[in-house]
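Have a look at the structure below before the remarks.
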Amino acid sequence: MKIIILGAGQVGVSVAESLVSEQNDITVVDIDGARLRALHDRFDLRTILGSASHPSVLAEAGAEDADLLIAVTQSDETNLVACKLAARMFNVPRRIARIRATDFLDDEKILGPDGFDVDLSICPEQVLTDYIVKLVEFPEALQVLDFADRQVSLVAVRAYKGGPLVGKQLKDIRRHIPNVDTRVVAIFRQDRPIVPDGNTVIELGDEVFCLAPEKHIRQVMRELRRMDRPVKRVMIAGGGNIGLRLARALENDYSVRVVEHNKRRCELLAARVDHALVLNGDATDEELLEQENIAEMDLFVAVTNNDENNIMSSLLAKRMGARRVVALINRRSYVDLLQSGEIDIAISPAQATIGKLLAHVRRGDVVAVHSLRRGAAEALEAVVHGDRESCRVTGRRIEEIELPAGTTIGALVRGNDVVMAHHDTKIEAEDHVIVFVTDKKTLPKVEKLFQVGARFL
Amino acid sequence: MHRFAVVVNLLGVMVIIFALSMLLPLGLSAYLSDGAETAYDTAIVVTLLAGGVAWLVTRGEQRELQARDGFLLVTLAWTVLPAFATLPLLSYLPSLSFTDAYFETMAGMTTTGATVLVHLDQLPPSINLWRCLLQWLGGMGILVLVVAILPLLGVGGRQVLRAETPGPMKDAKLTPRITETAKGLWLVYGLFTVACILAMRWAGMTWLDAVMHAFTTMSTGGFSSYDASFGHWNSPAIEAVTIVFMMIAGINFATHFQVLRKRSMRPYRLDAEAGVFLALIAASILGITLFLLAKGVYSDFWTALRYTAFNLVSVATSTGYANTDFGAWPLFAPLWMLLLVSFASCSGSTGGGIKMMRAILMFKQAFRELARIVHPRAYMPVKLGGQPIENNIIFAVLAFMLVYGATITVITMLLAMTGLDFVTAFSAVVACINNLGPGLGEVGPASNYAGLSDFQAWLLVGAMLLGRLELLTVMVLFTPEFWRK
Numbered sequence: 045m046k047i048i049i050l051g052a053g054q055v056g057v058s059v060a061e062s063l064v065s066e067q068n069d070i071t072v073v074d075i076d077g078a079r080l081r082a083l084h085d086r087f088d089l090r091t092i093l094g095s096a097s098h099p100s101v102l103a104e105a106g107a108e109d110a111d112l113l114i115a116v117t118q119s120d121e122t123n124l125v126a127c128k129l130a131a132r133m134f135n136v137p138r139r140i141a142r143i144r145a146t147d148f149l150d151d152e153k154i155l156g157p158d159g160f161d162v163d164l165s166i167c168p169e170q171v172l173t174d175y176i177v178k179l180v181e182f183p184e185a186l187q188v189l190d191f192a193d194r195q196v197s198l199v200a201v202r203a204y205k206g207g208p209l210v211g212k213q214l215k216d217i218r219r220h221i222p223n224v225d226t227r228v229v230a231i232f233r234q235d236r237p238i239v240p241d242g243n244t245v246i247e248l249g250d251e252v253f254c255l256a257p258e259k260h261i262r263q264v265m266r267e268l269r270r271m272d273r274p275v276k277r278v279m280i281a282g283g284g285n286i287g288l289r290l291a292r293a294l295e296n297d298y299s300v301r302v303v304e305h306n307k308r309r310c311e312l313l314a315a316r317v318d319h320a321l322v323l324n325g326d327a328t329d330e331e332l333l334e335q336e337n338i339a340e341m342d343l344f345v346a347v348t349n350n351d352e353n354n355i356m357s358s359l360l361a362k363r364m365g366a367r368r369v370v371a372l373i374n375r376r377s378y379v380d381l382l383q384s385g386e387i388d389i390a391i392s393p394a395q396a397t398i399g400k401l402l403a404h405v406r407r408g409d410v411v412a413v414h415s416l417r418r419g420a421a422e423a424l425e426a427v428v429h430g431d432r433e434s435c436r437v438t439g440r441r442i443e444e445i446e447l448p449a450g451t452t453i454g455a456l457v458r459g460n461d462v463v464m465a466h467h468d469t470k471i472e473a474e475d476h477v478i479v480f481v482t483d484k485k486t487l488p489k490v491e492k493l494f495q496v497g498a499r500f501l
Numbered sequence: 190m191h192r193f194a195v196v197v198n199l200l201g202v203m204v205i206i207f208a209l210s211m212l213l214p215l216g217l218s219a220y221l222s223d224g225a226e227t228a229y230d231t232a233i234v235v236t237l238l239a240g241g242v243a244w245l246v247t248r249g250e251q252r253e254l255q256a257r258d259g260f261l262l263v264t265l266a267w268t269v270l271p272a273f274a275t276l277p278l279l280s281y282l283p284s285l286s287f288t289d290a291y292f293e294t295m296a297g298m299t300t301t302g303a304t305v306l307v308h309l310d311q312l313p314p315s316i317n318l319w320r321c322l323l324q325w326l327g328g329m330g331i332l333v334l335v336v337a338i339l340p341l342l343g344v345g346g347r348q349v350l351r352a353e354t355p356g357p358m359k360d361a362k363l364t365p366r367i368t369e370t371a372k373g374l375w376l377v378y379g380l381f382t383v384a385c386i387l388a389m390r391w392a393g394m395t396w397l398d399a400v401m402h403a404f405t406t407m408s409t410g411g412f413s414s415y416d417a418s419f420g421h422w423n424s425p426a427i428e429a430v431t432i433v434f435m436m437i438a439g440i441n442f443a444t445h446f447q448v449l450r451k452r453s454m455r456p457y458r459l460d461a462e463a464g465v466f467l468a469l470i471a472a473s474i475l476g477i478t479l480f481l482l483a484k485g486v487y488s489d490f491w492t493a494l495r496y497t498a499f500n501l502v503s504v505a506t507s508t509g510y511a512n513t514d515f516g517a518w519p520l521f522a523p524l525w526m527l528l529l530v531s532f533a534s535c536s537g538s539t540g541g542g543i544k545m546m547r548a549i550l551m552f553k554q555a556f557r558e559l560a561r562i563v564h565p566r567a568y569m570p571v572k573l574g575g576q577p578i579e580n581n582i583i584f585a586v587l588a589f590m591l592v593y594g595a596t597i598t599v600i601t602m603l604l605a606m607t608g609l610d611f612v613t614a615f616s617a618v619v620a621c622i623n624n625l626g627p628g629l630g631e632v633g634p635a636s637n638y639a640g641l642s643d644f645q646a647w648l649l650v651g652a653m654l655l656g657r658l659e660l661l662t663v664m665v666l667f668t669p670e671f672w673r674k
């Protein structure tokens, strides 16, 4: 597939990185030559220097025969103009734009065919905010993801002492919580995946991935670990785009403090939030943390745009008594260094945010792709089409489907019903199937499985 | 004096228009043959001549009015027009001194409603109409002053909501041009006045009484054509209607304007002041009612509620009607009402006092300072309707409050020096500077300001003027900087 990516910022680079390995022809456009050179050195792709909204630059990037345009520059306006030009002048069939301002999303006409002609709009900051908000709602979870319009959630929990199910076989879960329909789709033990069956015993320190309806998440988690008291006080380090969104999302239900070092930004933050307290200072300043009772914080979230700052401030916060710390870390090497260390959760923004975008890019009718464990595993939501003849999934029982190794079908959503997958569950057309893939390399095979084709073996 | 020619020119035009407004009581007088016809003939001629001469002499001076001239114009308008307004009173009541007449007309133009006249019931209807009309005209002037002119001069509560601030509160200027804004506000004012006349007539007043009292209700003036004020009717229906319209007059007319234009109640909810105003009044009514019951002033809840509601709303909105002698209530009740009048009315209403806007800002500022002790590094802007308010505006409001407090203190001291007792002196100043009307003690609702000496009367005239023009507008004229070229 020929893909043009506009903007070589964090999102642009992550998208390029994810797609370049999947045999796509990628062209990246940016106005910053240094960034492009760095990108060019690392990956096998083409780079064009120029303004992403200029028709000549788009033409040079090969918009004439591109299959997909991904506009992820810093500026909403540039992204919108680029999408419109791509649609009207170059007939690029699919256009994705990063839109930050919610104003543009208020009316369908704005992004519709008569407007800016955007097929899909994404807002990484919002995705990340939602991600963190989930962690605040479910402080025991490592990650919480929603599928099929929030009908099913996937929750990752580490098994700790005090969980009734720890040390027991998986099939016991039915006896423990008979009224809850849940399914354990994967277990990571010492970073290695185990495909679980009824006889698998959960051990201390296991990272357990369970599917369950959102209202039952707490009950499921209670089986695996002692529950913490709910979060009341949250401190956010960094009042950038994410910090602000997070503060606004949390301020009505929690006591929120935002630490930001830039004074002018503080003024703006203070104007935009209603209840959250905006503090001017450095999140690595012990005195400030002390003054603001860091020891009383249930959650400390470091979301500045600097990895090192996030790491240092969350380590400091943890040391000074914050109950749980979450840090936003872009560099993958750092993430691997820190996970399961003193920082409770390290979030890789790129991985967390580009799922929706990747789902749109990938073949098959994949509705959502979520990265798990910093990209090592993925959870997909795919819609089944066709019939027994044209698709390798439709009309079959799960045990009949030739799933690649390390892949589990966790649940089906049929209309408004959630069906936990068992070996004899039959998949029908238009079902939303939630698939758990522990080895990313098998992803293309899984996608192919869900494709409807006239000829197949 | 060339510099002020343009001001005199405009003032001349105002005086001419003002003279024409005297045609209304003249017409009534002629229609009823109430014996005061001749009082207006001379007054109209003199006023027209004075205005005409001022206008003709300065006609050649065509220059744009500058912001600075505005202070002078506004202050002159509120001092010169009451002077001409005394003419009908003086010629009908030869025994009335100029001081008392000027006190009366100033209380009219500033919508204060303090009166030195006794036996109102026996005055010709046209003279009473003239008094009420003065208040109505004063209210009209105030609306334009506070919403359209004072913000331009950088004084007054509305400056916090300048047109540049984004968001729901962008109502400082309703339309791009001041003349259009003024017309819009007057239209709303007129519509409510007509509605008030009809409602009062329906509730049982005569047409003439309804017109006069609607004039003084919508302007929160408080003149009545009866010595007993609303005690004359002793009618709960009339009192209920009046309460509603006094409350309307206590809310920002710019908000009313938007409500009528958009045909939605949303602007009331977005108005940061209206909600607090209504809640405060409701809570106060309930509290005082229970207080009066507990003190045994009234034995039955509904009677207590009726008298409390009417008198409290009347005082809090700075109207100043009474249907009973609330001065005889235990001191806490009238004192609380005097406290309310100091700040309850919304900015952009015809009510007096420092306005709810400033009170809210002060309250928030005080809390910010407290919070700052706990969180020394926090950024906590004072916000109104979700919009942060700049610090220099907070300072301006602080300065205003200081001047307000100082003015009350100084005038109270001066009155005390003349021999008035403290309650009378203090309540008279509070009642005048907040444009309320009746005070307590010797100037309470059961009596009036007739017993004051000339010096005391002039002090209170000053208080009324200062209060109505938001203090600084007048005080700036007494600074040397203002007169320097």
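In order, the protein sequences belong to chains G and A.
Mapping the first sequence onto this note's numbering, position 131 (from 1) lands on 175, and the numbers just tick up by one.
Mapping the second sequence onto this note's numbering, position 407 (from 1) lands on 596, and the numbers just tick up by one.
Here a beta-carbon is modelled for each residue, glycine too, at the ideal position from N, C-alpha and C.
Since the model is a prediction, treat every value here as computed from it, not as a measurement.
Note down, in chain order, each residue of its chain lying with its Cβ closer than 8 Å to the Cβ of D230 of chain A, except the 5 sequence neighbours on either side.
-> L215
Candidates G:D326, G:T438, G:G211, of which the one nearest A426 of chain G by Cα = G:T438
Mind checking whether the beta-carbon of L649 of chain A lies closer than 8 Å to any heavy atom of the ligand FMN?
-> Looking for the ligand FMN in the displayed structure turns up nothing, as the structure carries no ligands at all.
Rounded C-beta distance between L113 of chain G and I48 of chain G? I'm assuming under 8 Å.
-> 5 Å
Supposed contact pair Y457 of chain A and L309 of chain A - C-beta distance, whole angstroms, cut 8 Å = L309 of chain A to Y457 of chain A, Cβ: 36 Å. No contact.
Check each candidate in G:A327, G:Q263, G:V457 and name the one with the smallest Cα separation from H220 of chain G.
-> G:Q263
Near G244 of chain A, what residues of its chain come up, given a Cβ to Cβ distance below 7 Å and the 5 sequence neighbours on each side ignored?
-> The identity of residue 244 of chain A in the sequence shown is Trp, whereas the question assumes Gly. For W244 of chain A, the CB contacts under 7 Å within the same chain, skipping 5 residues up- and downstream, are N198, G201, V202, I205 in chain order.
Segment limits, alpha helix (DSSP H) that includes M464 of chain G | Note, M464 of chain G: premise wrong, no alpha helix (DSSP H); beta strand (DSSP E) at 461–464.
Determine the extent of the alpha helix (DSSP H) in which T275 of chain A is found, giving its start and end residues.
-> 256–281
Any idea if N306 of chain G is buried or exposed, counting beta-carbon neighbours within 10 angstroms, 16 or more meaning buried?
-> By the Cβ-count criterion, N306 of chain G is exposed, with fewer than 16 other Cβ atoms from all chains shown falling within 10 Å of its own Cβ.
Assigned secondary structure, F232 of chain G (DSSP; H/G/I helix, E/B strand, else coil) | strand
Check whether the segment 484–496 of chain G touches the segment 264–271 of chain G, counting contact only when three or more Cβ pairs, one atom from each stretch, lie closer than 8 Å.
-> no
Starting from D351 of chain G, follow the beta strand (DSSP E) in both directions and report where the run begins and ends.
-> Premise fails: D351 of chain G lies in the alpha helix (DSSP H), 351–363, not in any beta strand (DSSP E).
Just tell me which of A:I331, A:D398, A:L387 has its CA closest to the CA of A371 of chain A.
-> A:I331
Taking the continuous alpha helix (DSSP H) assigned at T244 of chain G, which residues delimit it?
-> It is not in any alpha helix (DSSP H) - T244 of chain G carries neither H nor E in the DSSP assignment.
Between R657 of chain A and the rest of its own chain, which residues show a CB-CB distance below 6 Å, the 5 nearest in sequence each way excluded?
-> T299, N624
In chain A, what lies closer than 7 Å to V322 of chain G by C-beta?
-> A567, Y568
Keeping to the same chain, check which residues put their C-beta closer than 6 Å to that of F671 of chain A; ignore five residues upstream and five downstream.
-> V665
Quick one: using the 10 Å Cβ neighbour count with 16 as the cut-off for buried, is M435 of chain A buried or exposed?
-> buried
Kindly indicate which three-state DSSP category A110 of chain G falls into: helix, strand or coil?
-> coil
Could you check where the beta strand (DSSP E) with N324 of chain G kicks off and where it finishes?
-> 321–324
Kindly list the residues whose CB is nearer than 8 Å to the CB of M551 of chain A, restricted to its own chain and excluding five residues on each side of it in sequence; keep chain order.
-> V586, L587, M590
Whose Cβ in chain A lies nearer than 9 Å to the Cβ of L311 of chain G?
-> It is Glu, not Leu, that sits at residue 311 of chain G in the sequence shown. Chain A residues near E311 of chain G: Y568, P570, P577.
How about L527 of chain A and V592 of chain A: are their beta carbons less than 9 Å apart?
-> no
So which residues of chain A does G325 of chain G contact, with C-beta pairs closer than 9 Å?
-> R566
How is E353 of chain A classed by DSSP in three states: helix, strand or coil?
-> Bear in mind that a pLDDT of 35 at E353 of chain A, under 50, signals an unreliable position, so the model cannot answer this.
Could you check what DSSP says for Q348 of chain A in three-state terms: helix, strand or coil?
-> With a pLDDT of only 45 at Q348 of chain A, under the threshold of 50, the placement of this residue in the model should not be trusted; the figure read from the coordinates follows. Here Q348 of chain A sits in helix by DSSP.
Look at the Cβ atom of V26 of chain G, then the Cβ atom of E184 of chain G, and state whether they are nearer than 9 Å.
-> The requested residue 26 of chain G does not occur in the structure, where chain G is confined to residues 45 to 501.
Spell out whether any CB of chain A is found under 9 Å from the CB atom of E386 of chain G.
-> No, E386 of chain G lies away from the interface with chain A (no Cβ there is under 9 Å from its Cβ).
So T236 of chain A packs on Y638 of chain A, CB below 8 Å; how close in whole Å?
-> Not a contact, Cβ separation roughly 25 Å.
Assign M546 of chain A to one of three DSSP states: helix, strand, or coil.
-> helix
For G537 of chain A versus F466 of chain A, is the C-beta spacing smaller than 9 Å?
-> no
Give the DSSP-derived three-state secondary structure of C435 of chain G in the structure shown.
-> coil
Mind checking V196 of chain A: buried by the 16 CB within 10 Å criterion, or exposed?
-> buried
Min CB distance K489 of chain G to chain A below 9 Å = no
Hey, does A314 of chain G have any beta-carbon neighbour from chain A nearer than 9 Å?
-> yes
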